[in-house]
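Mapping the sequence shown onto UniProt numbering, position 27 (from 1) lands on 27, and the numbers just tick up by one.
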Amino acid sequence: MKNGDSTTIDVPHHEASGGGASKGKGAILTVPARQEKGGMRRGMAIIDVVLRIGAIMAALAAAAIMGTSDQNLPFFTQFFQFEASYDDMPSFQFFLIAMSLVAGYLVLSVPFSIVSIVRPHASGIRLLLLILDVVALTLATSAAGAATAIVYLAHNGNSSSNWLAICNQFGDFCKTVSGAVVASFVTVVTFLFLILLSALALRKH
Numbered sequence: 001m002k003n004g005d006s007t008t009i010d011v012p013h014h015e016a017s018g019g020g021a022s023k024g025k026g027a028i029l030t031v032p033a034r035q036e037k038g039g040m041r042r043g044m045a046i047i048d049v050v051l052r053i054g055a056i057m058a059a060l061a062a063a064a065i066m067g068t069s070d071q072n073l074p075f076f077t078q079f080f081q082f083e084a085s086y087d088d089m090p091s092f093q094f095f096l097i098a099m100s101l102v103a104g105y106l107v108l109s110v111p112f113s114i115v116s117i118v119r120p121h122a123s124g125i126r127l128l129l130l131i132l133d134v135v136a137l138t139l140a141t142s143a144a145g146a147a148t149a150i151v152y153l154a155h156n157g158n159s160s161s162n163w164l165a166i167c168n169q170f171g172d173f174c175k176t177v178s179g180a181v182v183a184s185f186v187t188v189v190t191f192l193f194l195i196l197l198s199a200l201a202l203r204k205h
């Protein structure tokens, strides 16, 4: 019993001992469980990268579409025209700036998301992305909501305020800005999935 080597040899080979069997099983099951969790987190990180790339395309599309939404309406002659442009409305200007900032943030966040694939157990990066995603979601949602209100007025007007619907005259302009708003809501929905995915990954830690 004083010999330490005899003790360590006897315990693993003592099949009748319940304590020895449980320790043996614990040693066998620990490594596969850790590998399984690491594989699950790595899979979540890959999905995160794919979602971010999709959100980048949606945000860039929203900003680009809004930035090219000008339409000129001839009146009597080609030298005297009515023009509808996004920069005539502060809400659309805010929309363009906000979606550009969101797209820029998403581009910068992709390398951090890739690091999560290489190091699936690093929770600090995932927590940072979660916080920044919430901020970006707030910005994208506010921009989409403000633009949606103006698009609604452009289509329907407001008789109480004597605001006339302009989409009967500027149909192309309204279709373009409506497409930009749809793209912005795609970005918002993608952010929701990103936040849920990050929260689930942190919970697994």
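The beta-carbon is built from N, C-alpha and C at its ideal position, and this holds for glycine as well.
message = For Ala61, which residues in the same chain have their Cβ closer than 7 Å to its Cβ, ignoring the five residues on either side in sequence?
response = Once the five neighbours on either side are set aside, the close Cβ partners of Ala61 are Ala183.
Bounding residues of the alpha helix (DSSP H) (the contiguous stretch that carries Ile131) = 123-156
query = How many whole angstroms separate the CB atoms of Ser85 and Ala149, which I take to be in contact at a CB cut-off of 8 Å?
reply = Going by Cβ atoms, the distance from Ser85 to Ala149 rounds to 18 Å, so no, they are not a contact pair.
ask   = Whose C-alpha, out of Leu139, Cys174, Ala144, is nearest the C-alpha of Ala154?
value = Cys174
ask   = Is the distance from the Cβ of Leu69 to the Cβ of Val177 below 7 Å?
value = Note that residue 69 is Ser in the sequence shown, not Leu. A contact, by the Cβ cut-off of 7 Å.
request  = Please look up how many angstroms separate the CB atoms of Ile125 and Val135, rounded, as I've assumed it's under 8 Å.
outcome  = Not really, about 16 Å apart at Cβ, beyond 8 Å.
ask   = Taking the C-alpha atoms as reference points, what is the distance between Ala21 and Ala199?
value = Unreliable placement is indicated for Ala21, whose pLDDT of 44 sits below 50; no coordinate value is reported for it.
ask   = Which residues in the same chain have their Cβ closer than 6 Å to the Cβ of Ala55, if we skip the five residues on either side of it in sequence?
value = Leu106, Thr187, Thr190
inquiry  = For a quick check, are the C-beta atoms of Met99 and Ala59 less than 7 Å apart?
reply    = yes
query = By a C-beta neighbour count over all protein chains shown, 10 Å radius and 16 as the cutoff for buried, is Asp87 buried or exposed?
reply = exposed
inquiry  = Rounded to the nearest angstrom, what separates Met89 and Val49 at their Cα positions?
reply    = 35 Å
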